[in-house]
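*Asks:* One structure, pasted below without further comment.
Protein chains: 2
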Amino acid sequence: MTALNNSFKTEISTLLANKDFAALKVKLTPWLAADVAPILSELPIEELAVLFRGCSKELSAAVFSYLEHNAKHKLLKTLTQAQAAALLNELPADDRTSFLHVLPLDVAMQLICLLTPEERKITQDLLAYPEHSVGRMMTLDFVAVHADWSVRESLDYIRTHGFDRETLNMVYVTDEGGHLIDDIRVRRFLLAEPETKVSALMDGNYATLTPTDDREKALQVFRKYDRVALPVTNTESQLIGIVTADDMLDVASEEATEDIQKLGGSEALDEPYTTIALTKMVKKRAGWLVVLFLGEMLTATAMSYFEDEIAKAVVLALFVPLIISSGGNAGSQAATLVIRALALGEFRLRDWWRIMRREFAAGLMLGGILGVIGFLRIVIWAQFSGIYGEHYLLVAETVGASLVGIVLWGSLMGSMLPLILKKLGFDPATSSAPFVATLVDVTGLIIYFSLAFLIMRGTLL
Amino acid sequence: MTALNNSFKTEISTLLANKDFAALKVKLTPWLAADVAPILSELPIEELAVLFRGCSKELSAAVFSYLEHNAKHKLLKTLTQAQAAALLNELPADDRTSFLHVLPLDVAMQLICLLTPEERKITQDLLAYPEHSVGRMMTLDFVAVHADWSVRESLDYIRTHGFDRETLNMVYVTDEGGHLIDDIRVRRFLLAEPETKVSALMDGNYATLTPTDDREKALQVFRKYDRVALPVTNTESQLIGIVTADDMLDVASEEATEDIQKLGGSEALDEPYTTIALTKMVKKRAGWLVVLFLGEMLTATAMSYFEDEIAKAVVLALFVPLIISSGGNAGSQAATLVIRALALGEFRLRDWWRIMRREFAAGLMLGGILGVIGFLRIVIWAQFSGIYGEHYLLVAETVGASLVGIVLWGSLMGSMLPLILKKLGFDPATSSAPFVATLVDVTGLIIYFSLAFLIMRGTLL
Chain F
2 MTALNNSFKT EISTLLANKD FAALKVKLTP WLAADVAPIL SELPIEELAV LFRGCSKELS
62 AAVFSYLEHN AKHKLLKTLT QAQAAALLNE LPADDRTSFL HVLPLDVAMQ LICLLTPEER
122 KITQDLLAYP EHSVGRMMTL DFVAVHADWS VRESLDYIRT HGFDRETLNM VYVTDEGGHL
182 IDDIRVRRFL LAEPETKVSA LMDGNYATLT PTDDREKALQ VFRKYDRVAL PVTNTESQLI
242 GIVTADDMLD VASEEATEDI QKLGGSEALD EPYTTIALTK MVKKRAGWLV VLFLGEMLTA
302 TAMSYFEDEI AKAVVLALFV PLIISSGGNA GSQAATLVIR ALALGEFRLR DWWRIMRREF
362 AAGLMLGGIL GVIGFLRIVI WAQFSGIYGE HYLLVAETVG ASLVGIVLWG SLMGSMLPLI
422 LKKLGFDPAT SSAPFVATLV DVTGLIIYFS LAFLIMRGTL L
Chain C
2 MTALNNSFKT EISTLLANKD FAALKVKLTP WLAADVAPIL SELPIEELAV LFRGCSKELS
62 AAVFSYLEHN AKHKLLKTLT QAQAAALLNE LPADDRTSFL HVLPLDVAMQ LICLLTPEER
122 KITQDLLAYP EHSVGRMMTL DFVAVHADWS VRESLDYIRT HGFDRETLNM VYVTDEGGHL
182 IDDIRVRRFL LAEPETKVSA LMDGNYATLT PTDDREKALQ VFRKYDRVAL PVTNTESQLI
242 GIVTADDMLD VASEEATEDI QKLGGSEALD EPYTTIALTK MVKKRAGWLV VLFLGEMLTA
302 TAMSYFEDEI AKAVVLALFV PLIISSGGNA GSQAATLVIR ALALGEFRLR DWWRIMRREF
362 AAGLMLGGIL GVIGFLRIVI WAQFSGIYGE HYLLVAETVG ASLVGIVLWG SLMGSMLPLI
422 LKKLGFDPAT SSAPFVATLV DVTGLIIYFS LAFLIMRGTL L
């Protein structure tokens, strides 16, 4: 980080406190908007409101893009309608769309009405794409040239069309109808002789996204091709926008956060943990917690069927938490691994049989390990304590055998449930680990007590 | 995706089967290595080995970069020493380093000896940086110019130094001592008059990484500054490499995968789920599963202290799974949210008190919700069944109160454990959700039976 950051913000704050707009302008002019924006965006809202009245539209827009959605909303409310309109029109279309989307519909509509007809059209077009689709993320600031232009003509064209914000890494080649026919790295224009035809730089090989692609799929395409930008084409193969890798970094983070939060057994918060309102967070968490609780109530029902057995052999009850949690842990592991592999596109649904065989083998081995440890623990313990009674060997056998069965069962359920959910059209991450654990708990109890009944019949039971 | 992909691979396969290298060359020449590499990398290893003998070093290197580490290793073994040497020397330094790192030390050293002295020096330098550090990921293919050069001189310099592989998005300005003094987007060179001095394009504001930065930190810097590339400087502020956003996409994925797998209660697999050897996967999973199992054994110990109570009131045992799983679920939620927020840099350790207060409030509300549901469930059920006996109200009170206490306790433990682990220098994701659940299970049992003792003393107990 440059040393600029530290002193710069304090100086700006002082100038803002004094409303010294002339000095502010002098201070800010030498900098590129994109370079000071991240620093200025850390100022408190009130100072930002003053800043926005005294600085260029371009800088306001850049700073605005760096704010959290919440701060954006608060800031807009402190501006006059004319100021808000100027700011919104200046924003890049993709940033504006993602901000408008999180607002209540009525507020969003009011803001959309402030836009110029041209920007309003773009915004409404982008908002028409599904949430989390490529269409929502694309920017329209791309450079398209024609194949019969020379490199010199292309560079002149690029120079005369001031492309302000997004990085210019790729130049796109389109025909008269706007159909994408190639993408060329800007570097190649730099290295080529000015009179070379664009067609001579073309290789005809390019990857594209479509606006309705899910952003998770876009992420896979980006990772596969190692590109800093990918073009977006409509069903007629016309170039309608581009998506850049730096935006994908945010997507990668957000997608992972969503999956992680769902795996942790709550809804995706969609807001930073530190800033989300407490009641909103509790609501997001309570939903799944109650569903899991209702599911888990079945354990009480299952247990009640074995009440007589427990009364006869209280020792059985002692191992209930151990047994069911082991099944749950094994299920969590399998579910997590499978869900992540699905998200990364490592396999497809039709591979389910291969996954199942793998998990069968893994579950058997893992269950075997835990079963042996459990068996030994009880047998060894029984040498020093009378806690498990004279039939400790039967107890050890029951616990050991149950562990094998339950860990195997947990691994199978954990790996298959995400695939089933995906097949049914749900997000596999929703079959979060606790959800699998709950399912495994109920079935685990039945396995445990059934085995106990088989092994201990005639002795303890 | 271009239509090329589908037919292209089949045609290449056929040419390889016939060892028709002449036709192969004709077929491949029109394409850029970076464009066919992802397609060719999907060929089976045996065909790749044939391909590498018949195609250019540049293309071999590009294809090689797209392979999984495992495939790379297998492929190298099929090549002659001279072929392997040529290939390794051609690889970009960052790709070579990350590949060498996963090999057994002796194999890696043999391969390093095949490198030219210059490449060997670079490789050993990069390997000297810690795993998952920025130093390991950086590439040396950057363009550095001097401030007193003109734009024309800079562009000539760029043209004469053929920069082959990495995208050229930023031009770096250094002084005579190689110290970084600015970074400038290539776009600005395109838009500037040829006689403009580089110094006129400079704004003196730039973000940098250091080679020892953890890649997770680099990810945060990238996300903050929305850059497609960031320069890496040593402690003397000398420019020593750059990191590009497309490489960061892979990092973002891998970091998320690691965290998700740890949260799911296994070690990070470090290899795709679908290709990792079964025994290796079982080993990675068994470790934590056994640790959790040993921890969970404490539940049997805890339960045994309450054996008399269970014998007197078997009804208590029925709710054990429900009670402990609710605590575990609440703990998982809190742990997951806090771990993810930590990974995203949303808060710091010193904020622990704020987090704890939030989780106290959230835990109390969530526990209240579950407590009421649990209480009502038992009371209503008791109207239709005699299963809970005449003291069903006491049972309902015990379960309801325990749920409040256990969910609150789970939320607090879940949120604080990651912070404690981080404070102690461990990866907070290691305090995986099942780990929290196990801890909460044991303490939950104590809370439950203690409350039961208080509420039921003199009646059921």
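First to last, the protein sequences are chains F and C.
Quick note on the working numbering: the first sequence kicks off at 2 and runs consecutively.
Quick note on the working numbering: the second sequence kicks off at 2 and runs consecutively.
Backbone N, C-alpha and C fix where the C-beta goes; we use that ideal spot for every residue, glycine too.
Short check: CB of residue 430 of chain F to CB of residue 344 of chain F, under 9 Å?
*Replies:* Numbered from 1 along the first sequence, position 429 holds the residue referred to as residue 430 of chain F. Numbered from 1 along the first sequence, position 343 holds the residue referred to as residue 344 of chain F. The answer is yes: Cβ separation under 9 Å.
*Asks:* As a quick exercise: from F:403, F:402, F:331, F:401, pick the residue whose alpha carbon is nearest that of residue 412 of chain F.
*Replies:* Here residue 412 of chain F refers to the residue found at position 411 when the first sequence is read from its first residue. Considering only alpha carbons, the answer is F:331.
*Asks:* For a quick check, are the C-beta atoms of residue 199 of chain C and residue 229 of chain C less than 9 Å apart?
*Replies:* Indexing the second sequence from 1 puts residue 199 of chain C at position 198. Indexing the second sequence from 1 puts residue 229 of chain C at position 228. Not a contact, by the Cβ cut-off of 9 Å.
*Asks:* Rounded to whole angstroms, how far is the Cβ of residue 327 of chain C from the Cβ of residue 436 of chain F, which I believe are closer than 8 Å?
*Replies:* Looking up residue 327 of chain C in the second sequence gives position 326. Looking up residue 436 of chain F in the first sequence gives position 435. Residue 327 of chain C to residue 436 of chain F, Cβ: 14 Å. No contact.
*Asks:* Can you check DSSP and say which residues form a bridge with residue 239 of chain C?
*Replies:* Position 238 of the second sequence, counting from 1, holds the residue named residue 239 of chain C. Bridge partners of residue 239 of chain C: C:180.
*Asks:* Please give the ranges of any beta strand (DSSP E) in the region 97–147 of chain F, keeping only runs that are unbroken, at least 3 residues long and fully inside the region.
*Replies:* Whole beta strand (DSSP E) segments, 3+ residues: zero.
*Asks:* Is the beta carbon of residue 50 of chain C closer than 9 Å to that of residue 92 of chain C?
*Replies:* In the second sequence, the residue the question calls residue 92 of chain C occupies position 91. In the second sequence, the residue the question calls residue 50 of chain C occupies position 49. Cβ atoms of residue 92 of chain C and residue 50 of chain C: not closer than 9 Å.
*Asks:* Going by DSSP in three states, residue 171 of chain C sits in which element: helix, strand or coil?
*Replies:* Here residue 171 of chain C refers to the residue found at position 170 when the second sequence is read from its first residue. In this structure, residue 171 of chain C counts as strand in the three-state DSSP scheme.
*Asks:* Going straight from the alpha carbon of residue 419 of chain C to that of residue 42 of chain F, what length do you get?
*Replies:* Taking the second sequence and counting its residues from 1, one reaches residue 419 of chain C at position 418. Taking the first sequence and counting its residues from 1, one reaches residue 42 of chain F at position 41. Distance between the alpha carbons of residue 419 of chain C and residue 42 of chain F: 29 Å.
*Asks:* Going by other Cβ atoms of all chains shown within 10 Å of its Cβ, with 16 needed for buried, is residue 131 of chain C buried or exposed?
*Replies:* Position 130 of the second sequence, counted from the start, is the residue given in the question as residue 131 of chain C. Under this definition residue 131 of chain C is an exposed residue.
*Asks:* Just checking my contact of residue 28 of chain C with residue 48 of chain C at CB under 8 Å: how many whole Å lie between their CB atoms?
*Replies:* The sequence position of residue 28 of chain C within the second sequence is 27, counting from 1. The sequence position of residue 48 of chain C within the second sequence is 47, counting from 1. At roughly 14 Å, the Cβ-Cβ gap does not stay under 8 Å, so residue 28 of chain C and residue 48 of chain C are not in contact.
*Asks:* Would residue 60 of chain F pass as a contact of residue 90 of chain F if the rule is Cβ separation under 9 Å?
*Replies:* To locate residue 60 of chain F, count along the first sequence from 1; it is residue 59. To locate residue 90 of chain F, count along the first sequence from 1; it is residue 89. No, the Cβ-Cβ distance between residue 60 of chain F and residue 90 of chain F is not below 9 Å.
*Asks:* Which residues mark the beginning and the end of the alpha helix (DSSP H) in which residue 400 of chain C is found?
*Replies:* Residue 400 of chain C sits at position 399 when you count from the first residue of the second sequence. Note, residue 400 of chain C: alpha helix (DSSP H), 393–424.
*Asks:* Taking only the alpha-carbon atoms, compute the straight-line gap between residue 1 of chain F and residue 121 of chain F and give it to the nearest angstrom.
*Replies:* Absent from the structure is residue 1 of chain F, since the part of chain F shown begins at 2 and ends at 462.
*Asks:* Tell whether a beta-carbon distance below 9 Å holds between residue 333 of chain C and residue 434 of chain F.
*Replies:* For the purposes of this step, residue 333 of chain C is taken as the residue at position 332 of the second sequence. For the purposes of this step, residue 434 of chain F is taken as the residue at position 433 of the first sequence. Closer than 9 Å, so yes.
*Asks:* Quick one: which residues of the region 217–247 of chain C get their C-beta closer than 9 Å to a C-beta of chain F? List them in chain order.
*Replies:* Listed by position along the chain: 220, 222, 223, 224, 225, 226, 227, 228, 229, 230, 245, 246, 247.
*Asks:* Residue 260 of chain C versus chain F: which residues are under 9 Å apart at the beta carbon?
*Replies:* Numbered from its first residue, the second sequence carries residue 260 of chain C at position 259. Going along chain F in sequence order, the residues near residue 260 of chain C (Cβ under 9 Å) are 257, 261.
*Asks:* Please name the residue, chosen from F:233, F:207, F:149, that lies closest to residue 215 of chain F on a Cα-to-Cα basis.
*Replies:* Here residue 215 of chain F refers to the residue found at position 214 of the first sequence. Checked all of F:233, F:207, F:149; the closest Cα to residue 215 of chain F is F:233.
*Asks:* Hey, is residue 340 of chain C's beta-carbon within less than 9 Å of any beta-carbon in chain F?
*Replies:* By 1-based counting over the second sequence, the position of residue 340 of chain C is 339. Closer than 9 Å to some Cβ of chain F, the Cβ of residue 340 of chain C qualifies, so yes.
*Asks:* Considering only their Cβ atoms, is the gap separating residue 124 of chain F from residue 101 of chain F smaller than 9 Å?
*Replies:* The residue you call residue 101 of chain F lines up with position 100 of the first sequence. The residue you call residue 124 of chain F lines up with position 123 of the first sequence. Their beta carbons are under 9 Å apart, which means residue 101 of chain F touches residue 124 of chain F by this criterion.
*Asks:* Going along chain F in order, which residues have a C-beta closer than 7 Å to the C-beta of residue 442 of chain C?
*Replies:* Sequence index remark: in the second sequence, residue 442 of chain C carries index 441 (1-based). Ordered by position in chain F, the residues that pass the 7 Å Cβ test against residue 442 of chain C are 322, 326.
*Asks:* How about the region 359–375 of chain F and the region 445–452 of chain F: do they share at least three Cβ pairs that are nearer than 8 Å?
*Replies:* At 8 Å Cβ cutoff, the stretches do not touch.
*Asks:* Apart from the five residues on each side of it in sequence, which residues of its chain come closer than 7 Å, Cβ to Cβ, to residue 276 of chain C?
*Replies:* Within the second sequence, residue 276 of chain C is the residue found at index 275, counting from 1. The answer, listed in chain order, is 69, 71.
*Asks:* With burial defined as no fewer than 16 other Cβ atoms inside 10 Å of the residue's Cβ, what is the status of residue 160 of chain C: buried or exposed?
*Replies:* For the purposes of this step, residue 160 of chain C is taken as residue 159 along the second sequence, with counting starting at 1. Classification for residue 160 of chain C: exposed.
*Asks:* Taking Cβ positions, are residue 267 of chain F and residue 336 of chain F nearer each other than 9 Å?
*Replies:* In the first sequence, counting from the first residue as 1, residue 267 of chain F sits at position 266. In the first sequence, counting from the first residue as 1, residue 336 of chain F sits at position 335. In this structure, residue 336 of chain F does not lie closer than 9 Å to residue 267 of chain F by Cβ.
*Asks:* Closer than 9 Å between beta carbons: that is the criterion. Which residues of the region 351–364 of chain C meet it against chain F?
*Replies:* Listed in sequence order: 352, 355, 356, 359, 362, 363.
*Asks:* Determine, for residue 15 of chain C, whether the minimum Cβ-Cβ distance to residues of chain F falls below 9 Å.
*Replies:* Residue numbering aside, residue 15 of chain C sits at position 14 when the second sequence is read from its first letter. Not an interface residue.
*Asks:* Within its chain, find whatever has a CB closer than 7 Å to the CB of residue 187 of chain C; leave out the 5 residues flanking it on each side and keep chain order.
*Replies:* What you label residue 187 of chain C is simply residue 186 of the second sequence in a count that begins at 1. 169, 170, 171, 172.
*Asks:* For the candidate residues C:289, C:359, C:26, whose alpha-carbon lies nearest to that of residue 274 of chain F?
*Replies:* For the purposes of this step, residue 274 of chain F is taken as the residue at position 273 of the first sequence. Of the candidates C:289, C:359, C:26, the one whose C-alpha sits nearest the C-alpha of residue 274 of chain F is C:359.
*Asks:* When the Cα of residue 153 of chain C is compared with those of C:162, C:218, C:197, which residue comes out closest?
*Replies:* If you number the second sequence from 1, residue 153 of chain C lands on position 152. The shortest C-alpha separation from residue 153 of chain C is found at C:197.
*Asks:* Report the partner residues of residue 198 of chain F according to the DSSP bridge assignment.
*Replies:* What you label residue 198 of chain F is simply residue 197 of the first sequence in a count that begins at 1. DSSP, once it has assigned bridges, lists F:151 as partnering residue 198 of chain F.
*Asks:* Could you please tell me which residues of the region 380–406 of chain C, in chain order, have their CB closer than 8 Å to any CB of chain F?
*Replies:* Answer set for the region 380–406 of chain C: 388.
*Asks:* Consider the Cβ of residue 39 of chain F: report whether some Cβ of chain B lies at a distance smaller than 9 Å.
*Replies:* In the structure shown, chain B cannot be found, because the protein chains are F and C.
*Asks:* Does any residue of chain C bring its CB to less than 9 Å from the CB of residue 153 of chain F?
*Replies:* Position 152 of the first sequence, counted from the first residue, corresponds to residue 153 of chain F. False, the Cβ-Cβ gap to chain C never drops below 9 Å.
*Asks:* Would you list, in chain order, the members of the region 281–306 of chain F that have their beta-carbon closer than 7 Å to a beta-carbon of chain C?
*Replies:* The residues in question are 282, 283, 286, 287, 290, 291, 293, 294, 297, 298, 300, 301, 304, 305.
*Asks:* With DSSP run on the structure shown, which of helix, strand or coil describes residue 21 of chain C?
*Replies:* Counting from 1 along the second sequence, the entry for residue 21 of chain C is found at position 20. Note: residue 21 of chain C maps to coil in three-state DSSP.
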